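Q:
In UniProt numbering, the protein residues as written are 1 to 532.
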């Protein structure tokens with residue numbers, strides 16, 4: 001007997017503006033979609049080792065979007081027809097892994113919404129040739145429809161133009177030639193449109209224009225991925241504000257009146273922020289000897305390899321009333337625990353006028369390829385992670401990281417019972433010996449410097465029946481060793497729980513099937529003997 005087994009390719013997937021292409025026959029039942037906006041102005045196309053970018057001259061031309069067609073190799077759309085100042089450098093490539101990142105610079109979005117298509121296809125067998133004939137039959141094209149929104153400036157111009165038109169019409173129809181009722185109605189329109197124009201022209205605009213019903217000064221306003229906190233006056237009633245940054249809302253803007261106020265700390269030049277416990281922002285200064293409040297580098301709160309986040313100027317986008325600085329945290333650099341810091345405005349270095357306590361929200365826990373990476377923010381673990389172990393995929397890795405500790409504490413001998421609504425805990429009584437007759441603690445291996453724990457079931461050791469266990473990680477206690485976790489620590493963090501399903505061994509399944517077959521044959525024989 002010869003059995004031909006097809007190992008089906010994974011599906012193409014898009015996450016956080018990163019498109020990871022696959023090329024199986026069923027990998028691309030539909031186009032991927034990405035939307036670019038001034039707040040999210042780039043996306044990455046990952047063709048991988050087995051793919052080639054489409055069109056081949058992707059830096060010069062794009063394909064016209066047609067969701068019914070994947071013919072994207074020869075396309076003639078010119079970027080210059082969309083972007084007046086387009087440059088090929090807007091595309092950046094990482095050639096060794098075939099990643100292509102497209103970024104629209106600030107202020108370069110088109111006046112009208114546009115759509116383009118790019119993509120990847122399975123690499124040709126030989127350079128200069130098409131993929132082999134089965135290419136079209138056994139592979140599929142990864143197509144990405146990219147929607148590019150219109151610039152905020154053009155939208156504002158359209159709104160302003162409509163208002164001016166209405167004003168003109170209202171003035172025209174408000175003549176004595178028309179009836180009084182018509183004049184009164186149009187005068188109402190005139191007053192309404194005038195108020196609209198006035199509200200739309202009020203400062204402060206900065207990098208993001210605040211809506212007309214913006215709260216009192218100072219205030220924080222959320223627009224898309226941007227949280228903007230501004231203080232335009234030194235006369236304030238409530239200077240204490242809060243803001244939250246997350247992977248979805250990852251941009252913070254601070255605006256302080258240019259003539260009367262200063263941004264703190266250090267006028268937001270560089271990478272500095274103040275501790276969240278700072279009582280008076282005016283005392284948060286680098287090298288200050290009279291106070292213990294010292295600003296610190298925001299990058300010390302972030303994850304990833306050598307993050308380089310700093311404050312950037314937003315000048316040029318508003319009317320110049322305020323000094324505005326912007327801080328953008330890349331989603332990949334969000335921490336594994338919640339952090340807080342403080343920034344704001346002061347008057348003449350003597351009086352606080354705006355204090356913004358910013359919560360840097362931890363990333364969520366995630367599982368990929370049987371590797372569970374735990375995070376411990378208040379909202380990091382809304383559900384348990386799940387892993388299934390089989391004779392073909394007989395191990396998984398639990399990454400607690402530098403911020404976490406493994407659960408249960410006796411993980412090499414005990415596990416937690418899997419129950420809906422119950423997280424992994426420090427003290428659990430499930431014994432591996434009750435599942436695996438030949439269990440040994442060496443099935444767990446550790447990588448101490450990264451706090452990783454790998455569990456492997458050796459060949460032939462799967463149980464006779466399916467089993468479930470729960471393990472996990474929790475945020476390390478900040479108290480002294482041996483002390484209980486505080487109520488505050490439990491409230492402000494969450495437990496990363498992993499429900500592990502262990503399938504029954506193939507041998508036990510085969511034995512059950514064989515036993516059932518023998519029983520059926522025996523019954524059939526008895527019936528036959530009775531009848532005949």
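For each residue, glycine too, the CB sits at the ideal point set by N, CA and C.
Note that the structure is a prediction, hence the values are computed from the model and not measured.
Ignore the nearest five residues each way along the sequence and tell me which others in residue 145's own chain have a CB closer than 6 Å to its CB.
A: Excluding positions up to five away in sequence, the list reads 31, 33, 65, 117.
Q: Could you tell me the distance, in whole angstroms, from the CA atom of residue 404 to the CA atom of residue 449?
A: Each residue's Cα considered, the two are about 12 Å apart.
Q: Could you check how far apart the C-beta atoms of residue 495 and residue 453 are, in whole angstroms? I think they sit under 8 Å.
A: Actually they are not in contact, since the Cβ atoms of residue 495 and residue 453 sit about 15 Å apart, beyond 8 Å.
Q: I need the straight-line Cα distance from residue 256 to residue 303, nearest angstrom please.
A: Their backbone Cα atoms lie some 29 Å apart in a straight line.
Q: Candidates 121, 325, 437: which alpha carbon is nearest residue 262's?
A: Ranking the options by Cα distance to residue 262, first place goes to 325.
Q: Apart from the five residues on each side of it in sequence, which residues of its chain come closer than 6 Å, Cβ to Cβ, to residue 8?
A: Counting only Cβ-Cβ distances below 6 Å, and skipping sequence neighbours, we find 24.
Q: Name the DSSP bridge partner or partners of residue 143?
A: According to DSSP, which records beta bridges pairwise, residue 143 is partnered with 119.
Q: Can you tell me which of the three DSSP states residue 378 falls into?
A: Reduced to three states, the DSSP call for residue 378 is coil.
Q: Here's the rule I'm using: 16 or more other beta-carbon atoms within 10 Å means buried, otherwise exposed. How should residue 139 be labelled?
A: Looking at its Cβ environment, which holds 16 or more other Cβ atoms inside 10 Å, residue 139 is buried.
Q: If we ignore side chains and look at the alpha-carbon of each, how far apart do residue 381 and residue 492 end up?
A: Computed Cα separation, rounded: 12 Å.
Q: Taking the Cβ atom as the reference point for each residue, do residue 401 and residue 338 lie within a distance shorter than 9 Å?
A: Not a contact, by the Cβ cut-off of 9 Å.
Q: Between the alpha carbons of residue 424 and residue 418, how many angstroms are there, rounded?
A: Computed Cα separation, rounded: 8 Å.
Q: Which residues in the same chain as residue 293 place their Cβ atom closer than 6 Å to its Cβ, once the five residues preceding and following it in sequence are excluded?
A: Counting only Cβ-Cβ distances below 6 Å, and skipping sequence neighbours, we find 278, 283, 284.
Q: Residue ranges of each beta strand (DSSP E) run of no fewer than 3 residues wholly in the stretch 268 to 337, ordered along the chain?
A: Fully enclosed beta strand (DSSP E) runs of 3 or longer: 272 to 275, 322 to 328.
Q: Give the list of continuous beta strand (DSSP E) stretches no shorter than 3 residues that lie fully inside the stretch 81 to 122.
A: If we require 3 residues or more, the beta strand (DSSP E) runs fully inside the stretch 81 to 122 come out as 91 to 94, 99 to 103, 114 to 122.
Q: Skipping 5 residues on each side, what residues in its chain have a beta carbon closer than 8 Å to that of residue 45?
A: 19, 21, 53, 99, 100, 101, 102, 118, 119, 120, 144.
Q: For residue 257, report the span of its beta strand (DSSP E) as first-last.
A: Residue 257 -> beta strand (DSSP E) spans 251 to 257.
Q: What does DSSP give as the partner residue(s) for residue 371 in the beta ladder?
A: The partner list for residue 371 (beta bridge, DSSP) reads 368, 397.
Q: Apart from the five residues just before and just after residue 334, which ones in its own chain have a Cβ nearer than 6 Å to its Cβ?
A: 247, 363, listed in sequence order.
Q: In three-state DSSP terms, what is residue 411?
A: Residue 411 falls in the coil class under three-state DSSP.
Q: Would you tell me roughly how many angstroms separate the C-alpha atoms of residue 84 and residue 111, rounded to the nearest one?
A: C-alpha separation (whole angstroms): 10 Å.
Q: Would you kindly work out how many angstroms separate the C-alpha atoms of residue 286 and residue 432, rounded to a whole number?
A: Going from the Cα of residue 286 to the Cα of residue 432 covers about 55 Å.
Q: If you draw a straight line from the alpha carbon of residue 59 to that of residue 89, how long is it in whole angstroms?
A: Approximately 8 Å between the Cα atoms of the pair.
Q: Since residue 42 sits in a beta bridge, which residues does DSSP pair it with?
A: Partner(s): 103.
Q: Flag this pair as yes or no: are the beta carbons of residue 372 and residue 398 separated by less than 9 Å?
A: Taking 9 Å as the Cβ cut-off, residue 372 and residue 398 qualify as a contacting pair.
Q: Express the C-alpha separation of residue 391 and residue 369 in angstroms, rounding to a whole number.
A: Rounded to whole angstroms, residue 369 to residue 391 spans 15 Å at the Cα level.
Q: I need the DSSP call for residue 240, collapsed to helix, strand or coil.
A: Looking at residue 240 - three-state DSSP - the assignment turns out to be strand.
Q: From the DSSP output, in three-state form, read off residue 14 for me.
A: Three-state result, residue 14: strand.
Q: For residue 52, which of helix, strand or coil comes out of DSSP?
A: Reduced to three states, the DSSP call for residue 52 is strand.
Q: So the candidates are 48, 115, 5; which of them puts its Cα closest to the Cα of residue 37?
A: If we check each option's Cα against that of residue 37, 115 comes out closest.
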